[in-house]
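Per numbering that gives the first Met the number 0, the very first residue in the sequence shown carries number 0; after that it's consecutive.
See below for the structure under consideration.
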Amino acid sequence: MDRSKVANAFAALDAYARRSGAPKIADLFAADPRRFDRFHACFDDLLYDFSKNRLDAETLRLLLDLTRAAEIEPRRAALLNGDLVNSTERRAALHMALRNLSGAPMRAAGEDVAAMVATEREKLLGFAEAVRSGKIRAANGARFTDIVNFGIGGSDLGPAMAARALSPFIADHLRLHFVANVDGADFADTMRDTPVETTLFIVCSKTFTTLETMTNAASARAYVAERLGPEAIASHFCAVSTQLDRVAAFGVQSDRVFGFWDWVGGRYSIWSSIGLSLAIGIGRDNFEAFLRGGEDIDRHFREAPLDRNIPVLMALIGVLYRNVFGYATQAVIPYDQRLARFPAYLQQLDMESNGKSVDLSGARVAYETAPVVWGEPGTNGQHAFFQLLHQGTQIVPVDFLVAAKPTAADETHHRILFANCLAQSQALMQGRPLEAVSAQLAAQGLGPEAIAALAPHKVFDGDRPSSTLLYTALTPRTLGRLIALYEHKIFVQGVIWDINSFDQWGVELGKELAQKLAPIVGDDSASTEALDASTAGLVKAARARRAGA
Ligand code: F6P
0 MDRSKVANAF AALDAYARRS GAPKIADLFA ADPRRFDRFH ACFDDLLYDF SKNRLDAETL
60 RLLLDLTRAA EIEPRRAALL NGDLVNSTER RAALHMALRN LSGAPMRAAG EDVAAMVATE
120 REKLLGFAEA VRSGKIRAAN GARFTDIVNF GIGGSDLGPA MAARALSPFI ADHLRLHFVA
180 NVDGADFADT MRDTPVETTL FIVCSKTFTT LETMTNAASA RAYVAERLGP EAIASHFCAV
240 STQLDRVAAF GVQSDRVFGF WDWVGGRYSI WSSIGLSLAI GIGRDNFEAF LRGGEDIDRH
300 FREAPLDRNI PVLMALIGVL YRNVFGYATQ AVIPYDQRLA RFPAYLQQLD MESNGKSVDL
360 SGARVAYETA PVVWGEPGTN GQHAFFQLLH QGTQIVPVDF LVAAKPTAAD ETHHRILFAN
420 CLAQSQALMQ GRPLEAVSAQ LAAQGLGPEA IAALAPHKVF DGDRPSSTLL YTALTPRTLG
480 RLIALYEHKI FVQGVIWDIN SFDQWGVELG KELAQKLAPI VGDDSASTEA LDASTAGLVK
540 AARARRAGA
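Here it is as structure tokens:
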């Protein structure tokens with residue numbers, strides 16, 4: 000790819016933003032009664048409204064030029080063809096093959112994986128249904144009531160987020176729990192109200208070496224052995240990994256081990272056997288509907304023209320804000336309580352994928368890459384950090400997510416929720432200028448002095464951008480669509496930034512240092528001499544406190 004073309008496309012965008020003086024979003028609406036029609040895109044019932052953003056037709060045209068300069072289409076083809084797009088690990092990134100329910104051939108590094116994926120999925124869903132129906136039972140012959148998933152990062156966030164999102168679809172007799180942290184409090188607190196005699200433990204780890212997961216799994220094995228006897232372990236454990244020999248060494252029965260492949264990145268693995276806990280909870284039909292949602296978006300991403308292609312549009316707006324306007328963070332606010340963990344899920348998806356500062360050739364990039372992604376559900380956020388969104392010194396673009404109707408909740412509550420979502424995007428855009436504030440205060444009977452003192456505090460600058468994703472209801476298929484939209488958005492941004500979105504070397508150093516520190520922290524007589532002064536000071540201070548000094 001000729002990066003100078005990308006640089007030129009960015010220069011044109013910059014120049015246009017300066018020339019046009021970035022017109023106010025509200026003025027863009029005033030000037031164009033058809034703005035909503037022009038600046039929203041649909042896929043089936045899913046609607047992406049990007050009209051409340053700082054862009055006009057010319058900005059969009061220039062952003063689409065950027066996709067051509069960055070060769071999005073051939074790069075998308077390379078991704079979908081299973082080329083080795085993860086260049087540093089020499090792997091494909093073919094999570095799309097996991098939701099390829101059509102069974103069409105899909106190649107990872109040239110090898111058609113469709114049949115292999117379907118076989119593993121059948122094995123997984125067969126097991127999940129057997130646990131659900133009570134065919135597979137606990138050591139005491141009772142039905143399983145609780146599923147505890149051990150995993151971290153992609154082996155936790157996906158199923159944990161989805162289990163919460165799809166709670167109305169989870170069988171009444173089952174409770175799903177997720178233990179990630181090596182902090183023993185996570186496991187201990189989970190087991191406090193969980194009956195071990197009817198609990199199935201799933202050890203999820205792509206590598207089967209991750210310290211947190213292996214530590215928790217070992218504790219759980221000892222816990223089961225102590226309470227139910229060692230012979231119960233076989234009935235109470237199953238595992239998901241790409242490293243089947245390591246799983247065997249841990250001692251899980253081979254018919255309870257579910258695999259996936261190195262071309263599935265951890266943060267893209269919810270579609271794989273890593274979804275076992277979810278599949279047990281929601282059952283085969285719902286799990287397949289979830290996969291179908293992802294498959295829907297793969298088709299849309301592959302086939303929709305770029306100017307109607309929702310993940311492409313989402314990516315371009317993100318790039319505009321990051322690289323032209325310099326906004327450092329992106330908020331994701333689901334007005335959907337069951338999507339409470341969606342922002343955390345997206346943090347890994349986005350920040351682990353695109354939080355990079357060297358390009359594909361290894362050269363340092365001279366531009367910003369991934370924003371900080373954060374968020375909490377609305378309306379809760381309104382009573383916490385929305386103050387900053389409305390009146391803070393930084394501008395934070397927001398993605399609102401909202402359903403047209405509740406999946407399983409009170410309709411009256413939902414109407415209030417929905418009104419609040421719309422009100423927030425409206426307030427961010429419109430703001431409230433000084434004159435309007437002053438008039439409002441005068442109408443309340445305040446005198447000129449009081450108005451002059453109070454009014455500046457009540458001014459909203461407005462012109463703060465947001466997008467809204469509207470869907471009918473949060474069903475398994477919708478959730479699959481939402482996740483896949485963000486996956487492809489992140490991919491497109493990675494292409495524009497010329498970075499490898501599929502490795503994560505940035506997590507390694509901390510892991511290595513923790514390994515080195517563990518013996519020093521674990522032995523209070525170990526020397527701290529080789530450590531930097533701060534680390535040594537903290538180790539010694541903790542020792543003193545443990546010793547009661
Ligand atoms: O430390 C980061 C990471 O490697 C993630 O990319 C991954 O999702 C997570 O750890 C868990 O890894 P594993 O599934 O191999 O235990």
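Virtual Cβ for every residue (Gly too), placed ideally from N, Cα, C.
Computed from a predicted structure; not experimentally measured.
Helix, strand or coil for L199, going by three-state DSSP, please let me know.
-> Residue state, collapsed to three classes: strand.
Ends of the beta strand (DSSP E) at A21?
-> Annotation: A21 is outside any beta strand (DSSP E) and is labelled neither H nor E by DSSP.
Within the same chain, show all residues whose beta-carbon is closer than 6 Å to that of F28, passing over the 5 residues directly before and after it, in chain order.
-> The residues are R34.
Among the residues of its own chain, which have a CB less than 8 Å from the CB of L427, if the five just before and after it don't count?
-> When the five nearest sequence neighbours on each side are left out, the beta carbons in the same chain lying within less than 8 Å of the beta carbon of L427 are those of K51, L388, H389, V397, G461, R463, P464, S465, in order along the chain.
Can you find a C-beta in chain D that's less than 9 Å from the C-beta of L173?
-> Of the protein chains in this structure there is only one, and it is not chain D.
Could you check how far apart the C-beta atoms of T189 and V147 are, in whole angstroms? I think they sit under 8 Å.
-> Contact holds; Cβ gap of about 6 Å.
Taking the Cβ atom as the reference point for each residue, do T127 and I279 lie within a distance shorter than 9 Å?
-> The question names Thr, but residue 127 is Ala in the sequence shown. The criterion of a C-beta distance shorter than 9 Å is satisfied by A127 and I279.
Rounded separation between K539 and K510 - CA only = Distance between the alpha carbons of K539 and K510: 21 Å.
For G444, count neighbouring Cβ atoms within 10 angstroms of its own Cβ and tell me buried if that reaches 16, exposed if not.
-> Exposed is the call here.
Helix, strand or coil at F49 [DSSP, three-state] | Of the three classes helix, strand and coil, the one that applies to F49 here is coil, per DSSP.
Locate the beta strand (DSSP E) running through F259, then write down its first and last residues.
-> Counting along the chain, F259 sits inside no beta strand (DSSP E), nor does DSSP assign it H or E at all.
Per DSSP, cross-strand counterpart(s) of V401 = For V401, the pairing in a beta bridge is given by DSSP as Y334, L469.
Which runs of the beta strand (DSSP E) spanning at least 3 residues fall entirely within the segment 207–275, listed in chain order?
-> Counting whole runs of 3 or more residues, the segment 207–275 contains the beta strand (DSSP E) stretches 236–240, 256–258.
Residue of L290, I498, G282, K404 minimising C-alpha distance to L363 = For the record, residue 363 in the displayed sequence is Arg; it is not Leu. From the listed residues L290, I498, G282, K404, the smallest Cα separation to R363 is found for I498.
Use the C-beta contact count for E302: other C-beta atoms within 10 angstroms, 16 or more gives buried, fewer gives exposed.
-> The C-beta of E302 has fewer than 16 other C-beta atoms within 10 Å across all chains shown, which makes the residue exposed.
Cβ-heavy atom distance between T206 and ligand 1 below 8 Å?
-> Taking non-hydrogen atoms of ligand 1 into account, the C-beta of T206 is found less than 8 Å away from one of them.
Considering R163, what are the terminal residues of the alpha helix (DSSP H) in which it resides?
-> Secondary structure note for R163: its alpha helix (DSSP H) is the uninterrupted segment 156–164.
What is the DSSP secondary structure of D145, reduced to helix, strand or coil?
-> Strand at D145.
Between the beta-carbon of N308 and the beta-carbon of S500, is there less than 9 Å?
-> No, Cβ-Cβ distance for N308 and S500 is not below 9 Å.
What separation, rounded to the nearest whole angstrom, lies between the Cα atoms of S360 and T378?
-> A direct Cα-Cα distance of roughly 44 Å separates S360 from T378.
Per-residue DSSP class, three states only, for Q329 | Three-state DSSP puts Q329 in a strand.
Exposure of A562, with buried meaning 16 or more beta-carbon neighbours within 10 Å = Outside the displayed range of the chain (0 to 548) lies residue 562, so it cannot be described from this structure.
What's the gap between the Cα of T197 and the Cα of A216?
-> Separation of T197 and A216 (C-alpha to C-alpha, rounded to the nearest whole angstrom) is 17 Å.
Stretch-stretch touch, CB-based, cutoff 8 Å, three pairs: the segment 104–112 with the segment 512–526 = Contact fails: fewer than three Cβ-Cβ distances are below 8 Å.
Kindly list the residues whose CB is nearer than 8 Å to the CB of A535, restricted to its own chain and excluding five residues on each side of it in sequence; keep chain order.
-> Excluding sequence positions up to five before and after A535, its CB lies within less than 8 Å of the CB of T527, E528, all in the same chain and listed in chain order.
With a threshold of 16 other CB atoms inside 10 Å of the CB of I296, please say whether the residue is buried or exposed.
-> Burial is judged here by how many other beta carbons sit within 10 angstroms of a residue's own beta carbon; I296 has at least 16 and is buried.
Indicate the three-state DSSP secondary structure (helix, strand or coil) for E110 in the structure shown.
-> If DSSP states are grouped into helix, strand and coil, E110 belongs with the strands.
How far does the alpha helix (DSSP H) with R414 in it reach, from first residue to last?
-> That run of the alpha helix (DSSP H) goes 410–429.
Please report the residue range of the alpha helix (DSSP H) in which V538 lies.
-> Run containing V538: 532–545, per the alpha helix (DSSP H) assignment.
To which residues of the same chain is R245 closer than 6 Å at the C-beta, ignoring the five residues directly before and after it?
-> Leaving aside the five residues that flank R245 on each side, the residues in its chain whose CB is nearer than 6 Å to its CB run, in chain order, F207.
Looking at E351 and G505, is the spacing between their C-beta atoms short of 9 Å?
-> Yes; because the gap between Cβ atoms is below 9 Å, this pair is in contact.
Taking the beta strand (DSSP E) that R174 falls in, what are its first and last residues?
-> Counting along the chain, the unbroken beta strand (DSSP E) around R174 starts and ends at 174–178.
Classification of E573 by the beta-carbon crowding that lies within 10 angstroms, buried from 16 upward | The structure shown does not extend to residue 573, since the chain spans only 0 to 548, so no value can be given for it.
Got a sec: does ligand 1 put a non-hydrogen atom nearer than 8 Å to the Cβ of Q514?
-> Flag unset: Cβ of Q514 not near ligand 1.
Backbone CA spacing between M160 and E434 [nearest angstrom] = Straight-line Cα distance between these residues: approximately 45 Å.
Please find out if some non-hydrogen atom of ligand 1 comes closer than 8 Å to the beta-carbon of K355.
-> No; taking the cut-off as 8 Å, the Cβ of K355 has no heavy atom of ligand 1 nearer than that.
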